[in-house]
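The sequence shown: position 208 = 1309 (our numbering), numbered continuously. Idealized CB from N, CA, C, for every residue including glycine. Data block below; observations after.
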Amino acid sequence: MDGDEEPGWEVDPEDDWGVAVVATVGRQLRLRREASGMRAADFGRAVGYGEDMVYKVESGRRIPRPEYLDKADRVLDAGGLLAAMKEDVEKVRYPKKVRELAELEAKAVEYGVYVGLSIHGLLQTPEHARALFEVSQSAYAEAELERLVAARMARKAIFERTPAPALSFVQEEVTLRRKVGGTMVWRQQLEHLLGVAQLRNVTVQVMPTDSGAHPGLSGKIEVLKFGDGTVVGRSDGAYNGRPISDPKQLRILELRYSTIRAQALSPKESLAFIEHLLGET
């Protein structure tokens, strides 16, 4: 690997927990290296990175990649102690907001969502997600693009949970017709959507463009229900987009989502619609 390549990701200065974890990992790396008698330059050559990058990781300014920790563990003969820190680093590499959302999704026993502008993140393929990030107004570096896509894909662990949560998605027709990433990526995305929709715990519905006005026109709606009976909801068009748990507000949000589902195509009709879209190309 070229010594100028970045060995990890930038640390979000507003992510207090993440900053603390990365600082701890960096300190352990530095102490191990110094105890072994290796200079930073020698250590960098041994793991395939430049001296400057080594200092950035050790000072907590970079989040090391898993392979960096594996190499450091071998070079410093740490007996697996450095490699074991990959678990914490794996969590920190994802942006704070993504982690918070993933934590809610990981606990939910029911999750209902309406999306009007793009295919929901839990339903996206890596290629589709990458294409969305690439066309955003932010000039993401390659490493940051990789980090964002990986974070979105990591959330899909919700489909592997046991017992499986009940998941329902309502997608606007336009989100399925928009060829994000080109025709091949678009077709792969629709095929993936068909596969997910056939899971026993997943319901996918399409809201036809000609269905008229409905409660979701002001933005995305999410309703998450948990095993202890509590509920959290969020709507782009209400409560300033903040998560809510007030029973009165939740009843309104749940009613809106129920109305959206009632106006959308049935799950069977929705599958047929997606298959028809694929057949048009």
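Quick check on this structure: which residue in Val-1126, Glu-1211, Ala-1185 and Arg-1163 has the alpha carbon closest to the alpha carbon of Asp-1329? Glu-1211
Quick one: grab the DSSP three-state call for Lys-1349. helix
Report yes or no: do three or more beta-carbon pairs, one from the segment 1215-1233 and one from the segment 1148-1156, lie closer than 8 Å? no
Bridge partner(s) assigned by DSSP for Gly-1334: Val-1324 and Ile-1345
What does the Cβ neighbour count give for Asp-1103, buried or exposed, with the cut at 16 atoms within 10 Å? Caution is warranted here: a pLDDT of 40 is assigned to Asp-1103, below 50, making its placement in the model unreliable, and the coordinate value is therefore given only provisionally. So Asp-1103 ends up on the exposed side.
Does the structure place the segment 1300-1311 close enough to the segment 1266-1274 that three or more beta carbon pairs sit under 8 Å? yes
Leaving aside the five residues before and after Leu-1318 along the sequence, list all residues of the same chain whose C-beta is less than 6 Å from its C-beta, in chain order. none
Pairwise C-alpha distance: Tyr-1340 and Ala-1184: 43 Å
Simplified DSSP state of Ile-1220, which is helix, strand or coil: coil
Assign Ser-1371 to buried or exposed, taking buried as 16 or more other Cβ atoms, counted over all protein chains shown, within 10 Å of its Cβ. buried
Taking the beta strand (DSSP E) that Pro-1165 belongs to, which residues open and close that run? 1163-1165
Three-state secondary structure assigned by DSSP to Tyr-1169: helix
Helix, strand or coil: which one does DSSP assign to Met-1139? coil
Could you tell me whether the Cβ atoms of Leu-1205 and Leu-1294 are closer together than 9 Å? no
The beta strand (DSSP E) spanning Thr-1304 covers which residue range? 1303-1308
Identify the residues that DSSP records as bridge partners of Glu-1261: which are they? Answer is none; Glu-1261 lacks a bridge partner.
With DSSP as the reference, label Gly-1149 as helix, strand or coil. coil
Look up Leu-1268 in the DSSP assignment and give the residues it is bridged to. Tyr-1212 and Val-1303
Are the Cβ atoms of Trp-1209 and Pro-1264 separated by less than 9 Å? It should be noted that the sequence gives Ala, not Trp, for residue 1209. No, Cβ-Cβ distance for Ala-1209 and Pro-1264 is not below 9 Å.
Below 8 Å, how does it come out for the segment 1361-1377 and the segment 1245-1264: are there three or more Cβ pairs, yes or no? no
What number of angstroms, rounded off, separates the C-alpha of Asp-1405 from the C-alpha of Glu-1191? Residue numbering for the chain in the displayed model covers 1102 to 1382; residue 1405 lies beyond these limits and cannot be assessed.
With DSSP collapsed to three states, give me the class of Ala-1240. coil
Leaving aside the five residues before and after Ile-1220 along the sequence, list all residues of the same chain whose C-beta is less than 6 Å from its C-beta, in chain order. Thr-1276
Spatial distance of Tyr-1241 from Gly-1320 (CA atoms): 26 Å
If you draw a straight line from the alpha carbon of Thr-1125 to that of Ile-1375, how long is it in whole angstroms? 49 Å
Please state if the CB of Pro-1316 and the CB of Arg-1253 are separated by a distance shorter than 9 Å. no
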